[in-house]
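Visitor:
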Amino acid sequence: MHRHRFIKLFMALCAGLCLAAGPAHALTAAEATAIATGETDVRIEALNKAMATADDKTAAFIQAMADGEVKVAGDKVFVVKDDKGLDPVSGAAVAVPGGAEDLVNNNRMRGALDNALAALKLFSKDDKLRLEGVKALLKEPDEARLPLVEKALAAEASPAIKAQLELARAAALLGSADKARRLEAARALGQNKTPETKLLLNERLKIETEADVKGQLQASLQAIEAALVWGDKLGALFSGISLGSILLLVALGLAITYGLMGVINMAHGELMMIGAYATYVVQGLFQKYLPGAFDWYLLAAVPVAFAASALVGAALERSVIRFLYGRPLETLLATWGISLMLMQGVRTLFGAQNVGVETPRWMSGGVQVLSNLTLPYNRLVIIGFAAAVLLGMAFLIGKTRLGLFVRGVTQNRPIASCMGVNTARIDTYAFALGSGIAGLAGCALSQVGNVGPDLGQSYIVDSFMVVVLGGVGQLAGTVYAAMGLGILNKLLEGWTGAVLAKIAVLVFIIIFIQKRPQGIFAMKGRSAEA
Amino acid sequence: MTNILLPTPAPLLGRKAWSLFLLALITVGVLAPVFNLLVPAGSAFHLSDYGVALVGKIMCFAICALAMDLIWGYTGILSLGHGLFFALGGYVMGMYLMRQIGRDGNYKSDLPDFMVFLDWKTLPWHWTFSDSFIATLILIIAVPGLVAFVFGYFAFRSRIKGVYFSIITQAMTFAAMLLFFRNETGFGGNNGFTDFKRILDIPIATPSMRMTLFVLTSLTLLGFFLLARWLVGSKFGRVLQAIRDAETRVMFSGYSPLPYKLTIWTISAIMCGIAGALYVPQVGIINPGEMSAANSIEIAIWAAVGGRATLIGPIVGAFIVNGAKSWLTVTAPEFWLYFLGALFIGVTLFLPNGVVGLVKKLKGEAQ
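These protein sequence lines map, in sequence, to chains A and B. Take 19 as the starting number for the first sequence in the numbering used here and just add one per residue. Take 181 as the starting number for the second sequence in the numbering used here and just add one per residue.
#1: Is it the case that the Cβ atoms of residue 168/A and residue 187/A are separated by a distance below 8 Å?
#2: Residues in its own chain within less than 6 Å of residue 431/A by CB, not counting five upstream and five downstream?
#3: Among the residues of its own chain, which have a CB less than 8 Å from the CB of residue 299/A, if the five just before and after it don't count?
#4: In three-state terms, what does DSSP make of residue 272/A?
#5: Of the residues that make up the region 171-187 of chain A, which ones have a beta carbon closer than 9 Å to any beta carbon in chain B?
#6: Of the choices 297/A, 312/A, 283/A and 395/A, whose alpha-carbon is the least far from that of residue 358/A?
#7: Closer than 7 Å, Cβ to Cβ, to anything on chain B: give me those residues from the region 509-527 of chain A, in chain order.
#8: Provide the residue(s) that pair with residue 119/A in DSSP beta bridges, ordered along the chain.
#9: Quick one: give me the first and last residue of the beta strand (DSSP E) that residue 103/A is part of.
#10: In the DSSP assignment, the beta strand (DSSP E) including residue 386/A goes from what residue to what residue?
#11: Select from 155/A, 364/A, 437/A and 494/A the residue whose C-alpha is nearest the C-alpha of residue 296/A.
#12: Sort 428/A, 83/A, 471/A and 207/A by Cα distance to residue 360/A and report the nearest one.
#13: Apply the 10 Å Cβ neighbour rule to residue 454/A and answer buried if 16 or more other Cβ atoms are within range, or exposed otherwise.
#14: Flag this pair as yes or no: are the beta carbons of residue 352/A and residue 525/B separated by less than 8 Å?
#15: Go through the region 138-220 of chain A residue by residue and report every complete run of the alpha helix (DSSP H) that reaches 4 residues or more, in order.
#16: Check distances from the C-beta atoms of the region 487-506 of chain B to those of chain A and list, in chain order, the residues that come in under 8 Å.
#17: Looking only at C-alpha atoms, which of 114/A, 142/A and 123/A sits nearest to residue 78/A?
#18: Are the beta-carbon atoms belonging to residue 193/B and residue 201/B less than 8 Å from one another?
#19: Among the residues of its own chain, which have a CB less than 7 Å from the CB of residue 326/A, if the five just before and after it don't count?
#20: Just mark residue 437/A as buried or exposed, buried being the case when its beta carbon has 16 or more other beta carbons within 10 Å.
#21: Which runs of the alpha helix (DSSP H), 4 residues or longer, sit entirely within the region 462-493 of chain B?
#22: Beta carbons nearer than 7 Å to chain B: which residues of the region 473-485 of chain A have them?
#23: When burial is assigned at 16 or more other CB atoms within 10 Å of the CB, is residue 519/B buried or exposed?
#24: Chain B beta carbons: is any one of them nearer than 8 Å to that of residue 246/A?
#25: DSSP state of residue 200/B, grouped into three classes?
#26: List the residues of chain B that residue 371/A touches, going by C-beta distances under 8 Å, in chain order.
#27: Are residue 258/A and residue 390/A close, meaning C-beta to C-beta below 8 Å?
#28: Under the three-state reduction of DSSP, which class applies to residue 393/A: helix, strand or coil?
#29: Less than 8 Å between the C-beta atoms of residue 550/B and residue 475/B, yes or no?
#30: Which one of 234/A, 275/A, 412/A and 199/A has the shortest CA to CA distance from residue 343/A?
#31: What do you get for residue 131/B, buried or exposed, if any count of 16 or more other CB atoms within 10 angstroms of its CB means buried?
#32: Is residue 344/B buried or exposed, if buried means 16 or more other CB atoms sit within 10 Å of its CB?
#33: Going straight from the alpha carbon of residue 522/A to that of residue 433/A, what length do you get?
#34: Note down, in chain order, each residue of its chain lying with its Cβ closer than 6 Å to the Cβ of residue 329/B, except the 5 sequence neighbours on either side.
#35: Where does residue 560/B land, buried or exposed, given buried means 16+ other C-beta within 10 angstroms?
#36: So residue 548/B packs on residue 337/B, CB below 8 Å; how close in whole Å?
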C-alpha cells in the first residue's frame, strides 16, 4: 500500500514539475519549431522539454527528424514523406512552400535524437522494444529523462521491465545535482543486487565529491558485493561441474577401451569427431527434409552419432587393433596413425574448415538463479546427458550379460574362453561400445564448441588424464577424476587465468601420478600388476 | 669349478661398417661441400642449396630418432616428450640468435622485436646469458638435460612404467607448449623466434654458413652414432636391454634400475636438445608448434620405421619418412597424412623390426 501511495505522490509531483516546465499537452507547433530550428544547444533543450510530455505525435516527429524527413521554411516545420507535406502537429496534409530547406542535424543533435528515440521506446507495445529502451537509458543515465521514466514506470505491467525501469530511475537520480536525491538514489540502488548496479555505483563513486553521499555509495556497494560473492562462487562451481561433465563424457568411452581393454586408443578423439560430424549430417538432413521438426534434430542425432562411431570402432578393432592386444606401445602408434587418417578423411569429405552446428532453440537461454548467476540450458542438458550416459554404461557393464562377459574377459581371458565366451567377439563389442560412447561425447561437444577436423586433438590429452587419474578399470574413479579436474580447473581459472590453470592442473596430475601411480582407486590383488 | 663364459665385448664397429662409416664421413665432410660450393650451379654434379637445407634438416631429425632408439628401442621406455627437449635446445639457440640481431630489428632496439612490441624495457632474467655463445653452448646441454633429469628422477623413482610414462611425458610436453604460447613467459608467444641475421657475428644466410652448419650437423650425427654404439655395447647398455626385457628380474639380480634409466633418459634428452639447437639456425624459425604432441609421436615412428634397437635403423627411418614427407607435401599434399597414418599402422602390424629388420630377414632367406 505504501508503495502505491508513494508512486501516486510522485506522479503528482511529476505532473507539477511538468506544468512548471511547459504546457501539459501534446506536441505544439511552437515546440516543433523550437526543436527544428536555431542553435543546437537550444534545440536540445527544447527536445528534452518536449520529451517530458511526449505522445505519439512527438515520437513520429522525432523519428522523422532522425530519418531526415523534415523541411523548414521560415518558422514553419513540415514532415515530408513520399513527396507529400504533413503538418507535424495535426498530421494533416499541407502544401510545402517552394523555398523549404532540408533540416540539418549535426552529430550532437543526432545523438540527442537517438537518445530521445530510445526513451520513447519505453512506451512501445512490444516488450522487447521496451526492454531495449530501458537498457539504452541505463547506459547513459540522464536526469532530464526522469519524468519520462516515471511515466513509463506507472504504465509498466511486466515485472522484469519494471525492475529495470526502477534501476534506470535510480541511475538517473544518481546524477542529480540535488545532494538529497543522490543520497536517496544511492540507498535505493543498494537494494538492487546486480552486477549492473555495482558498475553504476562504482562510476558515480569516482566522480562523487560529497562525503556523506560517498559513504552511502560505499555502503551500498559493500552490500551488493556481499550478495554477489555467493553468485560468483556458485557460478564457478557450476562451470566446474559443467566442464567436469564434458570431461566425463569424453573419458567414459576411453574408460572402456583403455581402462577395461588396455588399448591405448589415440584415435579416441577422432571417434568423438565422427560423432560430432554425424550430428552435423543429421542437422543437414533435418534442415532439408524436416524443417518443421528442426528443433528436435538432436534427439535423432544422438543414436546416429552412437551408431556411426560404434561402427567405425568395430571396423578398427577387426582390422587393426585385435592384432595388437598386449602390445600397448605399438597400439599407441597404430591408433595414432588411424587418427591421422580419420582426420584427413574428414577433411576430404567435409573440407578443412569448421562446420556450423546450430543449437536448437529450446537449448538456448538459461535459468536465472541469482542476479549474477544464469545457468545456460545447453550446459544443463549436457550435465544431464553425461549422467544418463554414465548410468546407462554402469547398467550395461554391471547388470547385463554383455557386461558380465566384458568383465570376465578383462579379468581372465583364458578362463572366460573356457567357459564358452567368444572372447574375440566380446572384444569387438566392447571396443564398439567404447567408440559409440565417444560418438555420444562428440554429439554433446558439437553443442558447446566448434566442430572441425581438429576437434578430437584438443581433448585427447584431457581424456587420458582423466582415465589415468581415476585409476584404470574403474568407472567410479573416472567420475571422481572428471568432476575433480573440472572443478579444480575452474576454481584455479578464477585467479590465474585459463592457460595457467590448465598448466597447473597438468602439473598436479603429473605429481599425483608420482605419488599414486595406479590412480585414485588402485586395483588390488592380482590384476594390479597387469 | 665351472668356467663362466663371459661374452667377449664386440668391437665398436666391424671392418665393413668402419669403411662405410668413413665413406659417410668423406661424403658429408668433403664431397657435399665441394659439390655444393665449388661445382657451378648448371653442372649435373651440383648439389642445390635446397638439397643441403633438406638433408641438414633431416639429419637433425635423425639425431632425435637415434636418441629415441636409445630410450625406446634399448630401454623399452616410449617417450612422448622428446619434442620438448628438441624445442628446448632450439629455444636456447634461438635466444642467442635473437640477441645476435642486435639493433637491426624492425624497431632498432637492443631488445628483440617482440619485447619492444610488448613494451618491455629490460630483458627478462632467463635471457641473462643469451648474448654469450659459450654460455649458449652450455645451456643447450644443461637445460634439456636438467629438465629431463628432474622429471625422470621423480618418474622413475616412483616406478612409473610403460604407457603411464608415455602419457605423463605427453602431459609435460603439452603443459610446456601452453607455457611457451604465452607472451609473458618471454619466448615470443606463438610466433616464436625468427628473422635471424647472424651467428657469431657472421651472416647466417650465406652458402658457406649453411654448409658449415650442414657439416657440423652431419659430424654430430656420426659422432652420436658412435657414442650410441659404444653405449649399447658396454655393460651399461646390456643392463639397459635387460631392463627392457625383464625389469623385475633385473631388480631381483641386485640392480637398481633407477640410475640406469635416469642416465640413458638424460643422455637421450641432451641429444635431442643438441639436434634442436642445430635445427634452428638451419630452418630459421622456432615456435611452440615444435612441442605439439604430433611431433613427439613422429619421432617414435621414425625409429619404428627404420627398426628399433638397431641404431642405424632409426637414422634410415628418419630419412625415409622425412624424404617422403618433403616429396609428398609438394606433389600431393592431401595424401601426406593418409600416407603417414598408413605408415604408422603398417609398420606396427607388419614390420615390427622395421626396414632394417626386413632387409636382414630377406638376406637371411637368400642365404
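Ideal Cβ positions, reconstructed from N, Cα and C, are used throughout, including at glycine.
Guide: Put simply:
#1: Here residue 168/A refers to the residue found at position 150 of the first sequence. Here residue 187/A refers to the residue found at position 169 of the first sequence. In this structure, residue 187/A lies closer than 8 Å to residue 168/A by Cβ.
#2: Counting from 1 along the first sequence, the entry for residue 431/A is found at position 413. These residues qualify, in order along the chain: 441.
#3: The residue labelled residue 299/A in the question sits at position 281 within the first sequence. Excluding positions up to five away in sequence, the list reads 322.
#4: For the purposes of this step, residue 272/A is taken as the residue at position 254 of the first sequence. Of the three classes helix, strand and coil, the one that applies to residue 272/A here is helix, per DSSP.
#5: none
#6: If you number the first sequence from 1, residue 358/A lands on position 340. Considering only alpha carbons, the answer is 283/A.
#7: 517, 520, 521, 524, 525 and 527
#8: Against the first sequence, residue 119/A aligns to sequence position 101. According to DSSP, residue 119/A shares a beta bridge with 90/A.
#9: Here residue 103/A refers to the residue found at position 85 when the first sequence is read from its first residue. Counting along the chain, the beta strand (DSSP E) containing residue 103/A begins and ends at 102-104.
#10: One-based indexing of the first sequence puts residue 386/A at position 368. Note, residue 386/A: beta strand (DSSP E), 384-388.
#11: Indexing the first sequence from 1 puts residue 296/A at position 278. Considering only alpha carbons, the answer is 364/A.
#12: Looking up residue 360/A in the first sequence gives position 342. When each option's Cα is compared against that of residue 360/A, the closest is 471/A.
#13: By 1-based counting over the first sequence, the position of residue 454/A is 436. Residue 454/A is buried by the Cβ-count criterion.
#14: Residue 352/A sits at position 334 when you count from the first residue of the first sequence. Residue 525/B sits at position 345 when you count from the first residue of the second sequence. Yes, the pair counts as a contact, with Cβ atoms nearer than the cut-off.
#15: 145-157, 164-173, 177-192 and 197-208
#16: The residues in question: there are none.
#17: The residue you call residue 78/A lines up with position 60 of the first sequence. For residue 78/A, the nearest C-alpha among the options comes from 142/A.
#18: Taking the first residue of the second sequence as position 1, residue 193/B is located at position 13. Taking the first residue of the second sequence as position 1, residue 201/B is located at position 21. Cβ atoms of residue 193/B and residue 201/B: closer than 8 Å.
#19: Counting from 1 along the first sequence, the entry for residue 326/A is found at position 308. Excluding positions up to five away in sequence, the list reads 292, 293, 296 and 457.
#20: Here residue 437/A corresponds to residue number 419 of the first sequence, with the count starting at 1. Exposed, since its Cβ has fewer than 16 Cβ neighbours within 10 Å.
#21: 473-486
#22: 479, 482 and 483
#23: Here residue 519/B corresponds to residue number 339 of the second sequence, with the count starting at 1. Buried, by the Cβ-count rule.
#24: Position 228 of the first sequence, counted from the first residue, corresponds to residue 246/A. Not one chain B Cβ lies under 8 Å of residue 246/A.
#25: Taking the second sequence and counting its residues from 1, one reaches residue 200/B at position 20. Three-state DSSP puts residue 200/B in a helix.
#26: Here residue 371/A refers to the residue found at position 353 when the first sequence is read from its first residue. Correct list: empty, because the minimum Cβ distance to chain B is about 15 Å.
#27: Within the first sequence, numbered from 1, the residue matching residue 258/A stands at position 240. Within the first sequence, numbered from 1, the residue matching residue 390/A stands at position 372. Cβ atoms of residue 258/A and residue 390/A: not closer than 8 Å.
#28: Taking the first sequence and counting its residues from 1, one reaches residue 393/A at position 375. In the structure shown, residue 393/A sits in a strand (DSSP, three-state: E or B).
#29: Nothing in the structure corresponds to residue 550/B, since chain B is present only between 181 and 547.
#30: Translated into positions along the first sequence, residue 343/A becomes position 325. If we check each option's Cα against that of residue 343/A, 275/A comes out closest.
#31: Given that chain B is displayed from residue 181 to residue 547, the structure contains no residue 131/B and the question cannot be resolved.
#32: As a first step, residue 344/B is located in the second sequence; it is residue number 164 there, counting from the start. Result: buried.
#33: If you number the first sequence from 1, residue 522/A lands on position 504. If you number the first sequence from 1, residue 433/A lands on position 415. Cα to Cα, the separation comes out at about 44 Å.
#34: Along the second sequence, one-based indexing puts residue 329/B at 149. Excluding positions up to five away in sequence, the list reads 446.
#35: Nothing about residue 560/B can be read from this structure; chain B reaches only from 181 to 547.
#36: Because chain B is modelled from 181 through 547, residue 548/B falls outside the range shown and cannot be assessed.
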